[in-house]
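Encoded as structure tokens, the structure appears first; notes follow it.
There are 2 protein chains.
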Amino acid sequence: MSKDKTTEQDIGAMLPGGAALSWGLVKPPQRGPKRELSIRQIVDAAIEIADRDGLSAVSMNRVASSLGYTAMSLYRYIPSKDDLLLLMQDAVCEVPLPDEDAPDWRDNMRLFVKLSMQVFRDHPWFGDIPISGVPITPNNLRVIDWGLRFMRDFPLNDYEKISFILLLSNYARSSGLIQRDMDLALKSGSTAERFSGTDYTLALKALVKPEQFPFLYPVIMSGVYTEENPGENPIGNDIDFGLERILDGIEHYLEMKKKEQGKEKEEANG
Amino acid sequence: MSKDKTTEQDIGAMLPGGAALSWGLVKPPQRGPKRELSIRQIVDAAIEIADRDGLSAVSMNRVASSLGYTAMSLYRYIPSKDDLLLLMQDAVCEVPLPDEDAPDWRDNMRLFVKLSMQVFRDHPWFGDIPISGVPITPNNLRVIDWGLRFMRDFPLNDYEKISFILLLSNYARSSGLIQRDMDLALKSGSTAERFSGTDYTLALKALVKPEQFPFLYPVIMSGVYTEENPGENPIGNDIDFGLERILDGIEHYLEMKKKEQGKEKEEANG
DNA sequence: ATATACTGTTTATATAATAAACAATTTAAT
DNA sequence: ATTAAATTGTTTATTATATAAACAGTATAT
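Chains as they are written, first to last, in the UniProt record's numbering: chain A, 1 to 270; chain B, 1 to 270.
Listed below in structure tokens is the structure:
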């Protein structure tokens, strides 16, 4: 028993600060007064503040105050603000994942991207925290596990599967950031028009000269660049359109691999 | 002449703060003492500091001090720190673009992504500044103009071309961020191993249980997730691999459009 | 010549993370 | 049961931040 605990501590020591906390590897202290707060409570309070007023509103003081404590009390639970941010990040990655796969693999991938993007929209601050490496926190890894599940019968090795997950995650991240920024612009009184650039159409039409921007010029003048007539866009939504191109690329690769493996079998049999 | 100036001011008023500066639309003041600094000088000094010590090191004080002035003097040139950041962003987007296209369109796209990614690697702080909307600063638009140039003979409408540029830019952004973070980890004494997760292999092997992570478990245990044996990765580089899948997807779409247009011509002729 | 608009500086304000010292409290060791 | 050790939440202090306001000096327009 005590051996096990020592091991847990050792494992925690291998991980960067907050990650050990996210795995629950930090032993609750034995002596001293009973704790009045919990890590969960602090993280939830911080998330609530970030959701409402943005990441910049998350100060140790503000978080502590919202719980009725002083800033310094938080340091009895979480070593630094950076660790708090990491815990926030992992906490909002705890999303409900489907138990069963859709029959079409493309649908699985679409859902993978949609759910990932949703985190950015629900928690606009999520994308403001920089990536510091490969995911190693539990909820993040659960999403990856899901991705590996719906690709389990793909004719791919693990490197290829991981690479596809990275591709989809990256797409979800950059698209999620854009969606989020648009949402934020809308909420903060600005219009969708301002974000997509329609508000700047006039300025751009005056500034983008055909000599300096020969190929962009017509696109600005036609109003396509700033989406003056959103209903007219024949491809619909840029983000969905881009995802379909990525899925086409994946499909192409899968078919190539299938052919390859078919040949290998033939050679083995013949 | 004076009419022109008024118009320039008006255009500037339509754009958000820093953008007007980036287009050179803010008239230099006529009266008063000669300026000892210039916007260019300030922006360059800020970039130098950010390149060396990160975005968080860029304080008005630090920038001004490095030029031998006080923090407040900068406000005579640039209205706020946010505007300074926008100017920094646009400044580092001034990259040399090729005058001529490569014969293969895939090579053009590969270069587009490579050059875009390079900005993130050369200026690690670049990705720390959030996107606030469609690009409207001059150097940014020049890159888009280049993209439209090498797609000029594609059988696509402007919406589709812009969408492809967005797809490539997004991929470059997320990949650039990852590359940058890896570079930073390396420089800050950490190893590539730490970043890719090899340093955490032991911890992950102890934490990722087959019951909770049935599909991730074997990938962790084999060492593929944490790239224990980088030379063994049969697909080489994840980032290049992903880009090729995207290019495959684009190619697939182009071929579909070509067929479509071929049919339309047949119908028109027949 | 003089009013005006600008310069860079000094001073001041408000807010941030977190280190250090504190008395109060709970547990472990004796 | 008593004492020593560990931990609690708080108070106080330190250092750094962006930028507003007031300043004396300077170049230009009238």
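The beta-carbon is built from N, C-alpha and C at its ideal position, and this holds for glycine as well.
The continuous alpha helix (DSSP H) containing B:Ile246 extends over residues 238-269. Under the Cβ criterion of 8 Å, B:Asp248 is counted among the residues facing chain A.
By the criterion of a C-beta distance shorter than 7 Å, B:Ile246 is surrounded in its chain by Leu167, Tyr171, once the five residues flanking it on both sides are discounted.
Near chain B, meaning a CB-to-CB distance below 7 Å, the residues of the segment 230-243 of chain A are Asn233, Pro234, Ile235, Asp238, Phe241, Gly242. Three or more Cβ pairs drawn from the segment 222-235 of chain A and the segment 154-165 of chain B lie within less than 8 Å of each other, which places the two stretches in contact. Taken in chain order, the unbroken stretches of alpha helix (DSSP H) that lie wholly in the segment 3-37 of chain B and span 4 residues or more are 17-22. Sixteen is the threshold: when 16 or more other Cβ atoms of the shown chains lie within 10 Å of the Cβ of A:Ser169, as they do, the residue is buried.
Counting along the chain, no alpha helix (DSSP H) covers A:Gln212, and no H or E run does either. If you draw a 10 Å sphere on the C-beta of B:Met60, you find 16 or more other C-beta atoms in it, and that means buried.
In terms of beta-carbon proximity, A:Trp23 lines the interface with chain B, with at least one pair separated by less than 8 Å.
In the DSSP assignment, B:Met109 falls within the alpha helix (DSSP H) that extends over 105-122. Residues of chain A with a Cβ closer than 7 Å to the Cβ of B:Asn157 are, in chain order, Pro234. Note on B:Tyr75: under 16 other CB atoms within 10 angstroms of its CB, so exposed under the neighbour-count rule. Within a 10 Å sphere around the beta-carbon of A:Pro28 sit fewer than 16 other beta-carbons, which makes this residue exposed. Counting along the chain, no alpha helix (DSSP H) covers B:Asn229, and no H or E run does either.
Annotation: the continuous alpha helix (DSSP H) that includes A:Ser73 extends over 71-74. Judged by DSSP in its simplified three-state form, B:Ser80 adopts coil rather than helix or strand.
In chain order, Arg245, Asp248, Gly249, Glu251, His252 make up the part of chain A whose C-beta sits under 9 Å from the C-beta of B:His252. Under the 8 Å criterion on CB atoms, B:Arg149 is classed as interfacial with respect to chain A.
Proximity of the segment 196-215 of chain B to the segment 9-28 of chain A meets the contact definition, three or more beta-carbon pairs being nearer than 8 Å. Below the 9 Å Cβ cutoff, chain A contributes Pro234, Ile235, Phe241 as neighbours of B:Glu160, in chain order. For B:Asp181, the C-beta contacts it makes with chain A under 9 Å involve Pro130, Ile131, Ser132, Gly133, in order along the chain. Interface with chain B (8 Å Cβ-Cβ cutoff): A:Val113 is excluded. Straight through space, the alpha carbons of B:Met72 and A:Gln89 are spaced by roughly 37 Å. Taking a Cβ-Cβ threshold of 7 Å, the residues of chain A close to B:Leu216 are Leu141, Ile144, Asp145, Leu148, in chain order. Shown here, B:Ala102 sits in coil according to DSSP, grouped into three states, outside any helix or strand. Per DSSP, reduced to three states, the secondary structure at B:Ser169 is helical. Straight across, the Cα-Cα distance linking A:Asn139 with B:Asp101 is about 45 Å. When 9 Å is used as the limit between beta carbons, A:Ile11 is near these residues of chain B: Leu202, Ala203, Ala206, Leu207, in chain order. The distance from the Cβ of B:Ala46 to that of B:Val63 is about 5 Å, consistent with a contact at the 8 Å cut-off.
The C-beta distance from B:Asn108 to B:Phe150 rounds to 4 Å, short enough to meet the 8 Å contact threshold. For the C-beta of B:Met14, the chain A residues within less than 7 Å are, from N- to C-terminus, Tyr200, Leu202, Ala203. When C-alpha distances from B:Asp240 are compared across B:Tyr225, B:Lys257, B:Leu111, the shortest belongs to B:Leu111.
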